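Trainee: I have a structure here, written as structure tokens, and I will follow up with some questions on it.
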Amino acid sequence: MTTDNATGAAPVRFDTKIAVLLREDLETWQRLNVTAFLVSGLGTVIPEVIGEPYADADGTAYLPMLRQPVLVFEGTKETLASAHAKALGRALPVAVFTSDMFMTGNDADNRAAVRAVGKDQLDLVGIAVHGPRNAVDKVLKGARMHP
Numbered sequence: 009m010t011t012d013n014a015t016g017a018a019p020v021r022f023d024t025k026i027a028v029l030l031r032e033d034l035e036t037w038q039r040l041n042v043t044a045f046l047v048s049g050l051g052t053v054i055p056e057v058i059g060e061p062y063a064d065a066d067g068t069a070y071l072p073m074l075r076q077p078v079l080v081f082e083g084t085k086e087t088l089a090s091a092h093a094k095a096l097g098r099a100l101p102v103a104v105f106t107s108d109m110f111m112t113g114n115d116a117d118n119r120a121a122v123r124a125v126g127k128d129q130l131d132l133v134g135i136a137v138h139g140p141r142n143a144v145d146k147v148l149k150g151a152r153m154h155p
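For the sequence shown, the numbering used here assigns the number 9 to the initial residue and increments by one for each residue that follows.
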């Protein structure tokens, strides 16, 4: 739930949830990098998650961003594999980041690293998922909020 403090509007409760699940053994820089990559995929296929462009009081324009909070969770390798399978089983949009992607330096090599492995053998270090609140909650069962 968020409150629009600028306008004093009532808190907003979204019907959907955006969540990122990270493997608990990642280094800090990896957590940040993986989160940024994962959420970038959502707006490309789910345009309704993107809000309106920003502008400051001087009229300087800024890019639009996600219109709702992104909740970040962490879990074990097994929790990630389970969440991935549940998300796919529910036909929710999913972005993935695998450990092999840390060794690549560009988008083409990232896609090749994922394409080289079957979905049940991916060495996942993070996923992002979007969908109805209850469905995303069920996908994330066993994960805990990122500290």
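Ideal Cβ placement from N, Cα and C applies to all residues, glycine included.
The structure presented is a predicted model; accordingly, all values stated were derived computationally and were not measured.
Let me know the beta strand (DSSP E) ranges lying completely inside the segment 16-99, each 3 residues or longer, listed in chain order.
Mentor: 17-20, 24-31, 78-83
Trainee: Spatial neighbours of Gly134 within its chain, please: CB distance less than 6 Å, with the 5 preceding and 5 following residues excluded, ordered by chain position.
Mentor: Once the five neighbours on either side are set aside, the close Cβ partners of Gly134 are Leu30, Val42, Leu46, Phe105.
Trainee: Quick check on Val125: does DSSP put it in helix, strand or coil?
Mentor: coil
Trainee: Does the distance from the CB of Thr87 to the CB of Gly150 come in under 7 Å?
Mentor: Between Thr87 and Gly150, the C-beta spacing is below 7 Å.
Trainee: Does the distance from the CB of Gly59 to the CB of Pro77 come in under 7 Å?
Mentor: no
Trainee: Buried or exposed for Gly83, please, with buried defined as at least 16 other CB atoms from any protein chain shown within 10 angstroms of its CB.
Mentor: buried
Trainee: Please classify Ala63: is it buried, with 16 or more other beta-carbons within 10 angstroms of its beta-carbon, or exposed?
Mentor: Counting the other Cβ atoms within 10 Å of the Cβ of Ala63 gives fewer than 16, which makes it exposed.
Trainee: Check whether the segment 119-132 and the segment 92-109 touch, using three or more Cβ-Cβ pairs below 8 Å as the test.
Mentor: yes
Trainee: Quick check on Arg39: buried or exposed, where buried means 16 or more other Cβ atoms within 10 Å of its Cβ?
Mentor: Buried.
Trainee: How big is the Cα-Cα spacing for Asp117 and Ala44?
Mentor: 18 Å
Trainee: I believe Gly51 touches Val57 by the beta-carbon criterion, under 8 Å. Please report the beta-carbon distance rounded to the nearest angstrom.
Mentor: 6 Å
Trainee: Leaving out the 5 sequence neighbours to the left and right, which residues in its chain are closer than 7 Å to Met9 when beta-carbon positions are compared?
Mentor: Reliability fails at Met9, whose pLDDT of 44 lies under 50, so the model's placement of it is uncertain and the value that follows must be treated cautiously. The residues are Pro19, Val20, Arg21.
Trainee: Out of curiosity, what's the CA-to-CA distance linking Ala17 and Asp23?
Mentor: 18 Å
Trainee: For Thr106, which beta-bridge partners are listed by DSSP?
Mentor: Leu132
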